[in-house]
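Chains as they are written, first to last, in our numbering: chain G, 1 to 309; chain H, 1 to 604; chain B, 1 to 364; chain Y, 1 to 255. Scroll down for the structure; my scribbles are underneath it.
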Amino acid sequence: MDWVYLIEVLVGGLLSGVMYSLVAIGFVLIYKSSGIFNFAQGTMLLFASLTFVKMTENGIGFWTALFIAAGIMVIFGVATERFVIRPLANQNLLALFMATVGLATFQEGFSQFIWDSDVHGLQMNKFLDIGLLDPNPIFMSDHIPWLDILIPQFDIFASLVAGLMIVVLAFFFQKTKTGLSLRAVSDDHMAAMAVGIPLQTVWAVVWAVTGIIALVSGLLWAERVSVSFTLIEAVMKALPVILIGGLTSIPGAIVGGLVIGVGEKLGEIYLADVFGGQGIELWFAYFMALMFLVVRPQGMFGEKLIERV
Amino acid sequence: MATIPGLVLSHNQNHPDSVALRYKQLGIWNSYSWKDYLEETSTLANAYKSISIGKGTVVAIYGNNVPKLIFSIAAIQTLGGIVVPVHPECTSVELKKILSESKTEFLISEDQQQVDTYLDIESDCPVKSVIYLDGRGMINYKNDKLHSYDELTAKAKSANFEKEIQALNENDTAFYLFDEHEDSIYKVTHKAIIDNSEKIISLNSLTDKDSIVSYLPLSIPTNLLFTYITSLSSGMSFNLPESNQTIEKDLQEIGPTILYAPSFVFKHIITSISYRIESASESNYNRYMSHYKMLMEIYDKEVSGTNSFFDKIKKTWIMLTTFLPAKNVFGLTKIKHAFVSDGVLSKVNFDFFHAIGVEIQHSFGQASSCGCISVQPDHSVSSENVGSVMQGSEIKVNEKSEVCYKSDCSAELLSGKSNIEDGWVNSGYVGKIDDATGNLVIRGRSEDIITLKSGKQFSPESIENLISCSPFVKSSIIVGQGQDSISVIVVIDPNSVNSWADRKNIRYTGYTELAAKQEVKDLIKSHITCVNETLESELKVKSFVVLHRTLVMTQGEVSKTMEVMRKSIETNLKDVHSAIKENKNDFIVNDIDQLSYELSINKI
Amino acid sequence: MIYRETGHFVTNYLKDREIFPMTFDKVVALIGLLWLFLWVPTTSEYFLSAHVIPILAVGLATVGLNILTGLTGQLSLGTAGFMCVGAFGTYNLMLRVPDYLMSLPVALLMSGIFAGLVGVVFGLPAIRIKGFYLLVSTLAAQYFVWWFFNSYAWFLNYESSGVVAIAPKFYDYWGLGNFLGVDMQGYPARYLLALVVCIGLSYFAKNLLRSNTGRNFMSVRDRDIAASVMGISVPRAKLLAFFISCFYCGVAGGIYSFLYIGNVDLMIYEVDRSFTILFMLIIGGLGSISGSWLGAIFVYEFPIVFTWVGDFIFQGAFNTAVVENVSNMVYGVFIIALLIREPGGFAALWATTKQKLRMWPYPH
Amino acid sequence: MSDILKVENVTLQFGGVKAITDISFNVKEGEICAVIGPNGAGKSSMLNVINGVYLPQVGTVTYNGVTRRTINPRDAAIAGMARTFQNIALFQGMTVLENIMTGRNLFMKSTWLEQGLNIGRAREEERSNRLAVEKVIKFLQIESIRKTPVAKLPYGLQKRVELGRALVAEPKILLLDEPMAGMNLEEKADMSCFILEINKEQGITTVMIEHDMGVVMDISDHVVVLDYGKKIGDGSPTEVMANQDVIDAYLGVSH
């Protein structure tokens with residue numbers, strides 16, 4: 001067995017797993033705070049990156065565009081809470097899920113309506129000539145001297161950004177008051193309301209934060225798959241991740257992302273031949289998640305439910 | 001021969017397969033044809049014969065209308081026995097009086113509730129054997145007199161009683177009927193009560209195609225006549241609801257063509273209509289109210305004959321959009337005749353029913369007159385009278401303005417002081433005969449007449465009727481004997497006042513608190529003020545009390561037909577009466593539930 | 001207003017559970033049903049082919065999904081995958097079984113059974129996995145099935161284009177067309193076949209709904225622990241729901257491919273179709289068969305009508321992409337508004353309206 | 001009378017928390033056995049062990065002569081156990097009638113195909129089981145709400161419907177988890193009557209968790225007292241009331 005190749009595959013898997021994790025975190029945040037399975041995550045990615053790209057295409061600078069796009073996502077998140085989530089507060093989970101599918105449909109139409117339906121290349125390297133990275137095209141795989149393997153430079157960059165996001169989020173939720181409220185809300189809605197935590201404000205914050213996560217992960221994903229309709233499918237990629245991780249766990253989302261990332265790469269290399277066909281990555285992640293859940297139905301870090309009767 | 005078993009027999013011969021009795025049980029409607037009816041009564045008669053019920057045996061039927069009890073009536077009479085219908089909610093005092101005075105030997109009771117009431121007074125009455133239909137909850141009862149109906153009838157075989165039925169004499173006593181106002185029992189013969197029902201049938205051309213729902217116990221004399229006897233005489237179907245909680249739904253399902261009810265039921269329907277529309281959406285409520293107003297205007301024109309073609313179109317529209325559906329909800333769509341007894345409807349309610357096509361016919365009758373002495377004809381438009389006297393009867397008003405009558409269908413008193421003076425039966429009601437039309441107008445019971453300090457005499461019922469016609473008032477009691485002015489005790493209707501309060505965002509936890517709300521008092525006050533405008537100055541109501549609870553039938557505070565029973569109320573609520581007498585503002589009532597309540601007298 | 005319930009009473013329990021207890025309803029339903037058959041000559045082939053038959057196909061799939069999601073509470077996003085099994089199953093049965101043994105109606109039902117069995121396999125995890133976690137299983141089914149038919153060309157009879165047209169002879173049901181002198185490949189005949197299947201299966205579903213099986217499904221949906229305490233086998237109920245539901249989807253897939261588009265094409269069974277059908281279910285109302293049909297009609301026709309109206313008003317001033325995007329926006333807003341107003345969908349709206357009509361002018 | 005149910009040395013824990021510690025008691029055939037104790041005493045857990053919703057770590061349950069540590073709830077139902085729940089577990093999407101009909105599912109032998117086609121046995125079963133259900137509806141006096149969705153009913157009526165759903169299964173033993181919780185006096189009186197009648201007239205053994213001591217003393221033949229997962233009393237109502245441990249636990253006297 002070629003160990004170097006294996007390590008390359010593993011590292012590559014871990015790095016793409018980080019990208020899955022980032023999308024998954026957006027999911028988990030919303031699910032944790034309000035029990036909503038947010039299907040609109042994918043279109044939020046599309047909307048955010050499309051907004052950003054259109055601005056840069058019109059000559060707005062990188063940081064300015066990033067800042068404005070983040071602002072728009074915050075507004076969007078708050079509006080979603082106000083006009084979609086709040087009126088549906090007491091509905092069953094399925095209705096809320098469908099509402100987010102409705103939201104996704106709206107967003108899909110909306111983003112392509114105000115921007116356009118074209119496929120945009122992001123070419124992040126254009127903006128990233130800021131000393132962080134090699135000015136060479138960033139898709140070039142770089143040789144990592146001390147391990148003697150080749151890793152795409154962008155993947156490392158993306159992982160760094162994603163990791164940074166996760167740290168910031170962790171800080172936000174562990175140390176700030178809003179973050180603490182969120183944790184209280186996710187533990188028990190009624191109790192949180194009883195101690196005077198404004199549920200609706202917390203939800204609004206969560207949706208806003210999710211919007212920003214969508215922007216960051218959207219840009220990272222877009223670099224790989226271009227800014228287009230395909231971004232929406234990122235959400236389908238993230239689904240097995242959060243389910244493996246357990247719907248309510250941020251660490252679960254991170255670990256789940258890594259597991260899926262690595263597993264998918266390994267499956268592609270070692271199992272594709274067994275199935276005599278290409279493209280098993282289409283379903284492989286789901287099968288992994290399925291196997292995992294059959295053993296542990298609540299996911300890796302999900303709370304085990306003792307059903308009280 | 002017109003006897004009750006004889007009627008069953010003749011229906012069996014004339015139309016054996018048409019529906020005689022329909023009852024809802026376990027969620028579906030079952031029916032008995034006349035053939036089944038005869039079969040059931042014959043089998044039952046055989047069973048009753050085995051426990052030596054025979055000619056002249058007095059048997060009490062104690063319960064709600066369930067088929068087994070209904071069949072028992074004809075079965076007992078087949079054997080020549082006398083049936084005493086007893087109200088399932090009657091007090092033990094009443095039960096004792098009825099059983100001992102009528103010398104009842106057998107008591108056929110519905111379930112544990114009735115058996116318990118009987119057991120309270122067991123030692124004081126001559127009952128030899130109690131047969132219960134439903135033994136539920138009585139497994140531990142050790143009493144030799146108690147027998148299960150099912151055991152009794154299990155072995156009973158069908159038998160042919162045709163001969164026995166033919167041999168019955170129509171002048172024999174069929175029923176002993178208890179008049180709770182007079183507290184006395186009447187002997188009713190087969191002939192008298194059947195003839196009386198024939199008069200109603202021919203007057204209103206009722207046929208065997210009609211149907212009637214009977215949901216009140218047959219111990220109410222008017223109810224016995226109008227539902228049970230009338231359906232037997234005419235051969236129409238007699239329908240029994242599933243339980244007391246499902247009457248409204250069951251009425252709708254059957255959609256009867258004949259409706260009989262004491263006035264309180266119609267009042268209840270009006271209240272239901274009113275409180276249900278109260279909780280409708282704003283637009284629906286407003287539209288309903290405006291349609292109501294229009295309807296009544298058109299009705300007034302109809303009565304005076306001045307309605308135009310345009311009015312007719314308008315009425316059709318109003319009926320289609322609002323009142324036909326409303327009738328459908330209450331199961332009144334098919335009603336052809338609606339008989340009211342035991343009180344009259346106020347003009348507003350009477351007119352409303354007539355306007356929507358439910359033609360109310362007031363009637364007047366008691367146990368002594370076999371349930372009916374006068375009834376309004378079809379299409380009568382006056383809410384005041386109770387119609388003219390029926391064929392074969394005469395009526396007069398004596399010098400004390402008491403209504404007296406002679407009738408070929410009257411009942412004799414079983415015991416006690418006779419109420420017959422010079423061949424005229426004194427009904428115990430005061431009233432007058434309208435000279436122009438010959439219609440009888442009933443003012444109230446003669447013993448209830450109130451004399452004010454000024455010497456002014458009046459019957460409280462007419463004022464009470466006016467006050468009670470508001471949907472918010474369940475009942476009212478006028479107080480004023482020997483006083484300067486009239487006061488009234490008002491009992492609010494929980495349903496309609498609840499939904500009114502919800503609409504007005506008034507918070508409360510229960511009836512007592514709701515009744516004590518200032519808003520409720522203001523509501524009642526404005527209604528009484530309205531009523532006062534129609535009254536002569538001496539009879540204007542000057543103060544009122546909103547009572548903290550409703551009146552209780554099992555305490556004898558209201559009659560079985562929901563008329564107020566002044567004597568019981570006066571004893572049970574003596575604190576209220578004395579407070580009114582002493583003209584207090586706030587006072588404490590020590591009620592029969594051993595609790596005290598704070599009430600206040602409100603001046604108008 | 002319309003309802004005249006006075007005088008309607010039931011005399012036995014079977015009458016009490018009739019689908020249309022009131023005579024008025026019965027008559028309306030019967031007339032409606034007859035009309036569905038008799039209107040064929042008055043309509044155009046185009047209307048049948050572009051509107052009616054596809055609605056019948058997706059509506060049937062919606063009814064199927066309703067049994068699984070609406071009745072049993074098992075969320076599924078694998079509907080298109082199961083339809084795909086049905087379509088390929090029908091194709092291969094028609095292709096590989098001798099003509100004298102096989103005909104389209106039989107193939108449809110048999111491939112429905114295939115789809116049902118595939119559904120049971122992917123339903124097995126449902127015994128342990130609950131709620132949103134179950135999405136992983138149904139999505140696995142969706143992607144796996146799609147990949148499977150894409151990878152093994154045998155199922156497409158080695159057609160390199162990935163789309164295989166359906167031979168006209170497949171429409172010949174044991175020579176019935178010749179016998180009746182009807183063009184069985186024509187849309188009216190296709191419509192009638194689809195209609196009969198849909199009515200039959202809707203009736204079947206409605207019967208299930210009001211029988212023990214339906215109650216068992218609903219009890220699993222509402223409170224699975226209580227259901228098992230009542231003696232209901234929860235795993236059996238779930239697997240049965242998967243089987244029946246996927247059977248419906250399979251038949252629907254066969255109808256879609258054979259009676260609507262006329263070829264077998266993998267591309268139309270992608271995951272967005274699963275979403276579309278879930279939409280139809282939600283908009284129509286969970287647990288209601290008639291709701292599923294209303295939902296299917298609405299979701300299918302909405303973009304078409306919207307585009308048509310847009311074109312009519314603006315006379316093509318905007319390009320199709322713009323109209324499509326606006327249509328998506330309006331559609332999204334509509335769904336959210338509907339869920340806020342009436343989470344029970346059209347079925348609940350209809351039920352409230354009916355209740356209002358019955359109780360009119362009273363609110364309750 | 002023989003013991004229909006024997007609970008022996010049952011211990012149940014969740015994670016590290018012991019809900020029940022080494023509890024044994026017997027229920028005689030035909031009696032009303034009340035399990036009482038303060039909140040958190042492990043009463044509901046005890047019922048859940050008996051009909052197999054929870055699996056105890058140690059101990060056995062002998063029912064009808066068969067001893068085992070665990071039983072599948074469905075098998076328990078087949079063996080004639082029916083129960084109600086502390087926090088009403090009705091099927092909220094169904095009407096009263098449908099809810100009670102689910103209690104008859106073990107009596108339905110027709111296949112789903114017959115039911116789907118609405119033929120043969122399926123129709124007959126719908127009819128005959130509806131009759132059984134209607135008898136229970138009449139017994140519980142809920143005729144007027146039979147077609148009402150249970151979600152619209154007040155709490156007391158929901159409890160009644162749940163009792164009906166358990167009763168219609170014609171059980172040998174009925175496990176009632178706080179049948180009178182949250183009821184007013186009148187509703188409690190009705191419920192007590194129903195339970196007594198079910199027990200005395202239909203002969204169904206009843207195990208009941210109840211807080212209201214008045215009711216327990218009135219209607220039960222046998223009382224088991226739990227406190228903090230341990231059994232502190234077992235005997236007739238009068239015996240139990242005289243037990244010092246029980247008095248302490250109930251009146252909150254410090255130990």
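Virtual Cβ for every residue (Gly too), placed ideally from N, Cα, C. This one's a predicted model, so the numbers in the text were calculated from it and none came from an experiment.
Starting from the Cα of F350(H), find the closest Cα among I373(H), I269(H) and W317(H) and give me that residue.
Taking only the C-alpha atoms, the option nearest F350(H) is I269(H).
If we cut at 8 angstroms on Cβ distances, does L514(H) have a partner in chain Y?
By this cut-off, L514(H) is not an interface position.
Compute the beta-carbon to beta-carbon distance between G371(H) and L440(H), rounded to the nearest angstrom, for a pair I have assumed lies under 8 angstroms.
Incorrect: roughly 15 angstroms between the Cβ atoms, too far for contact.
Give me the DSSP bridge partner(s) of T189(H).
Answer is T173(H), bridged to T189(H).
Just the chain B side, please: which residues come within less than 9 angstroms of T104(H) by C-beta, in chain order?
Within 9 angstroms Cβ-Cβ: nothing; T104(H) doesn't reach chain B, min ~36 angstroms.
Considering only the alpha carbon of each residue, which of Y158(B), G186(B) and S161(B) lies closest to Y171(B)?
Checked all of Y158(B), G186(B) and S161(B); the closest Cα to Y171(B) is G186(B).
Measuring alpha carbon to alpha carbon, tell me which residue in P251(G), V167(G) and L50(G) is nearest F301(G).
Checking every option, the nearest Cα to that of F301(G) belongs to P251(G).
Are there 16 or more other CB atoms within 10 angstroms of the CB of Q202(Y), so buried, or fewer, so exposed?
Exposed: under 16 other Cβ atoms inside 10 Å.
Report the rounded CA-to-CA distance for T43(H) versus V10(B), giving the unit in angstroms.
Those two C-alpha atoms are separated by around 28 angstroms.
So G77(G) is in the alpha helix (DSSP H); what residue range does that whole segment cover?
Per DSSP, G77(G) belongs to the alpha helix (DSSP H) from F62 to T80.
T102(Y) CB to nearest chain B CB: under 8 angstroms?
Yes, because at least one Cβ of chain B sits closer than 8 angstroms to the Cβ of T102(Y).
Is the CB-CB distance between N12(H) and L240(H) below 8 angstroms?
Not a contact, by the Cβ cut-off of 8 angstroms.
Is there a Cβ of chain Y sitting closer than 8 angstroms to that of D25(B), yes or no?
With 8 angstroms as the cut-off, D25(B) does not count as an interface residue toward chain Y.
Where does V215(Y) sit, in a helix, a strand or coil, going by DSSP?
If DSSP states are grouped into helix, strand and coil, V215(Y) belongs with the helices.
Just to make sure I have the definition right: I need the residues of chain B whose C-beta is within less than 7 angstroms of the C-beta of L246(Y). Which are they?
Contrary to the premise, residue 246(Y) reads as Val rather than Leu in this sequence. Ordered by position in chain B, no residue passes the 7 angstroms Cβ test against V246(Y), which lies about 30 angstroms from the chain.
Mark I220(H) as exposed unless 16 or more other C-beta atoms lie within 10 angstroms of its C-beta, in which case mark it buried.
By the 10 Å Cβ count, I220(H) comes out buried.
Mind listing which residues of the segment 245-257 of chain G have their C-beta closer than 8 angstroms to chain B's C-betas, in chain order?
Those would be L247, in chain order.
Would you call the segment 250-264 of chain B in contact with the segment 129-148 of chain B, where contact means no fewer than 3 C-beta pairs closer than 8 angstroms?
No contact exists between the segment 250-264 of chain B and the segment 129-148 of chain B.
Give me the Cα-Cα distance between E94(H) and P67(H), rounded to the nearest whole angstrom.
C-alpha separation (whole angstroms): 25 angstroms.
Pairs of beta-carbons, one from the segment 287-302 of chain B and one from the segment 58-66 of chain B, closer than 8 angstroms: are there three or more?
Yes, the segment 287-302 of chain B is in contact with the segment 58-66 of chain B.
Between the segment 201-216 of chain H and the segment 412-424 of chain H, do three or more beta carbon pairs fall short of 8 angstroms?
Segments in contact, no.
Pairing CB atoms from the segment 22-41 of chain G with CB atoms from the segment 95-107 of chain G, are three or more of them under 8 angstroms?
Touching, per the Cβ criterion.
Does DSSP classify A233(G) as helix, strand or coil?
A quick correction: the sequence has Glu, not Ala, at residue 233(G). Reduced to three states, the DSSP call for E233(G) is helix.
Look at Q57(Y) and L12(Y) and say whether their C-beta atoms are less than 8 angstroms apart.
Going by C-beta atoms, Q57(Y) is nearer than 8 angstroms to L12(Y).
Drop a sphere of 10 angstroms on the beta-carbon of S283(H), count the other beta-carbons inside from all chains shown, and report buried for 16 or more, exposed for fewer.
When all chains shown are included, S283(H) counts as exposed.
Determine the chain G residues that contact A140(B) at a beta-carbon separation under 7 angstroms, and present them in chain order.
Neighbours of A140(B) on chain G, chain order: W283, Y286, F287 and L290.
Can you list, in chain order, the residues of its chain whose CB lies under 6 angstroms from that of S279(H), leaving out five sequence neighbours each side?
Closer than 6 angstroms at the Cβ level, and outside the excluded window around S279(H), lie S499.
Counting only Cβ pairs nearer than 9 angstroms, list the residues of chain Y close to S243(H).
Going along chain Y in sequence order, the residues near S243(H) (Cβ under 9 angstroms) are K138, Q141, E143 and S144.
Nearest-angstrom Cα distance between A87(B) and S111(B)?
In a straight line, the C-alpha of A87(B) is about 8 angstroms away from that of S111(B).
Measuring straight from C-alpha to C-alpha, what distance separates V23(G) and I213(G)?
Rounded to the nearest angstrom, the two C-alpha atoms are 7 angstroms apart.
What residue range does the alpha helix (DSSP H) around G400(B) cover?
Here chain B comprises residues numbered 1 to 364, so residue 400(B) is not present and cannot be evaluated.
I'd like the span of the alpha helix (DSSP H) that includes L93(B), first residue to last.
Here the alpha helix (DSSP H) through L93(B) covers T79 to R96.
Checking 8 angstroms against the spacing of the C-beta atoms, do E18(B) and R358(B) come in under that value?
No, these two residues do not count as a Cβ contact at 8 angstroms.
Which term fits W207(G), buried or exposed, when burial requires 16 or more other beta carbons within 10 angstroms of its beta carbon?
That one is buried.
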